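Sequential numbering of the sequence shown, starting at 566, is according to my numbering.
The C-beta atom is built at its ideal place from N, Cα and C for all residues, glycine as well.
All values derive from a computational prediction rather than experimental measurement.
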Amino acid sequence: MDIAKQFTNFVFGMECLGCGSASVALDPWLCATCRAELEREALETKFPTDDAVSLFPMRSLTRRMIHALKYKNIPGVASYLVRRSSLQAGGVAAQFFQVHAKPFFFVPVPLHRSRFRERGYNQAEKIAAALASATGGRVCRWLWRKSFQVSQTKLSREQREWNVAGAFEAKFSKKMPAQGTVFVVDDVYTTGATTSACIAAFGDKFPLNLKVCTMLFEEPATAVMDFVADVSAEWNTESEY
566 MDIAKQFTNF
576 VFGMECLGCG
586 SASVALDPWL
596 CATCRAELER
606 EALETKFPTD
616 DAVSLFPMRS
626 LTRRMIHALK
636 YKNIPGVASY
646 LVRRSSLQAG
656 GVAAQFFQVH
666 AKPFFFVPVP
676 LHRSRFRERG
686 YNQAEKIAAA
696 LASATGGRVC
706 RWLWRKSFQV
716 SQTKLSREQR
726 EWNVAGAFEA
736 KFSKKMPAQG
746 TVFVVDDVYT
756 TGATTSACIA
766 AFGDKFPLNL
776 KVCTMLFEEP
786 ATAVMDFVAD
796 VSAEWNTESE
806 Y
């Protein structure tokens with residue numbers, strides 16, 4: 566076992582981030598079973614709107630991985646997920662990017678200073694860096710957060726919109742690019758309130774195309790229930806043979 570893997574196993578306890586099982590065969594964060602599940606979910610690229618792409622659906626596995634990225638101080642999960650998404654090998658997400666003008670500029674949704682102090686880094690910035698590496702783009706910190714809002718997690722669509730309205734402001738460099746596409750980057754797309762507020766901060770006269778890219782898409786509750794029912798029916802059918 567090489568030194569890097571020994572260190573990883575020591576720090577992360579040799580537990581799969583997906584199922585929590587102990588294993589020495591992690592890669593370095595998922596066991597073979599969870600890795601296969603992630604590969605299946607990578608085929609389910611989501612498009613919340615015509616101008617937005619989410620690399621994975623939010624399921625139990627991907628939720629746990631984003632939780633590890635945000636709250637367990639494992640920033641490398643961002644590049645791990647991007648490398649295993651449909652951005653690779655000409656997948657669906659790669660095709661979405663191919664139709665937009667280069668160069669690509671990835672603008673992370675900013676954290677408020679107090680939240681940044683808690684986590685030590687901005688998870689959206691880690692995702693933006695991974696996307697830039699995968700597509701040949703670059704990260705641009707053109708947005709900053711003016712105010713601190715309560716967590717969006719348990720808010721309704723209308724409450725989310727009010728919570729982030731006017732929360733962001735654009736601060737551009739003196740020499741802005743004349744062409745290309747800007748992607749506002751966040752970890753999860755739920756109602757689109759946060760990324761919409763970010764796009765609004767660019768203003769109506771911003772000359773470049775504005776798009777959105779998130780790691781996960783939080784599916785409506787009805788869709789999740791349908792998925793669970795389909796899986797249950799599939800298992801029941803298989804058990805009959």
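Chain-order list of residues whose beta-carbon lies under 8 Å from that of residue i (same chain, five-residue window excluded)
i           : result
residue 579 : 587, 588, 589 and 591
residue 711 : 731, 732, 733 and 734
residue 604 : 649
residue 659 : 651, 652 and 653
residue 596 : 581, 583, 584, 586, 588 and 590
residue 781 : 619, 620, 621, 622, 623, 627, 628, 631, 752, 753 and 754
residue 725 : Only weak support is given to the placement of residue 725: the predicted model assigns it a pLDDT of 43, under 50, and the question is left unresolved by the model.
residue 599 : 581, 582, 583, 584 and 626
Nonlocal neighbours in the same chain, by C-beta distance under 7 Å from residue i, ignoring five residues either side
i           : result
residue 723 : Because the pLDDT at residue 723 is just 45, under 50, the model does not fix this residue reliably, and the value given afterwards should be weighed accordingly. Here the set comprises nothing.
residue 784 : 622 and 623
Start-to-end residues for the beta strand (DSSP E) that takes in residue i
i           : result
residue 779 : 774-782
residue 708 : 708-710
Whole-angstrom C-beta distance between residue j and residue i, which should lie under 8 Å
i           : j           : result
residue 672 : residue 750 : 7 Å
residue 745 : residue 670 : 6 Å
residue 630 : residue 646 : 6 Å
residue 757 : residue 613 : 6 Å
residue 688 : residue 775 : Between residue 775 and residue 688 the Cβ distance is about 21 Å, and since that is not below 8 Å, they are no contact.
residue 697 : residue 706 : The pair is not a contact, with the Cβ atoms about 12 Å apart (cut-off 8 Å).
residue 610 : residue 662 : Actually they are not in contact, since the Cβ atoms of residue 610 and residue 662 sit about 11 Å apart, beyond 8 Å.
residue 708 : residue 742 : Incorrect: roughly 16 Å between the Cβ atoms, too far for contact.
Range covered by the alpha helix (DSSP H) that runs through residue i
i           : result
residue 674 : Element bounds for residue 674: n/a, residue is neither H nor E.
residue 600 : 597-606
residue 643 : 642-648
residue 611 : First-last for residue 611: undefined, no H or E at that position.
residue 691 : 688-700
residue 664 : Careful: residue 664 lies outside any alpha helix (DSSP H) and carries neither H nor E.
Where residue i sits in the DSSP three-state scheme
i           : result
residue 771 : coil
residue 522 : The chain is shown from 566 up to 806; residue 522 falls before or after that span and cannot be answered.
residue 591 : coil
residue 619 : strand
residue 583 : coil
residue 725 : Low confidence applies to residue 725: its pLDDT is 43, below 50, so where it sits in the model is not reliable enough to give any reading.
Beta-carbon contacts of residue i that lie in its chain and below 6 Å, excluding the five residues immediately before and after
i           : result
residue 691 : 640 and 643
residue 748 : 671, 776 and 778
residue 694 : 704
Taking the runs of the alpha helix (DSSP H) that are 4 residues or longer, which of them lie wholly in the stretch 730-772?
For secondary structure counted as the alpha helix (DSSP H) over 4 or more consecutive residues, the stretch 730-772 holds these complete runs in sequence order: 758-767.
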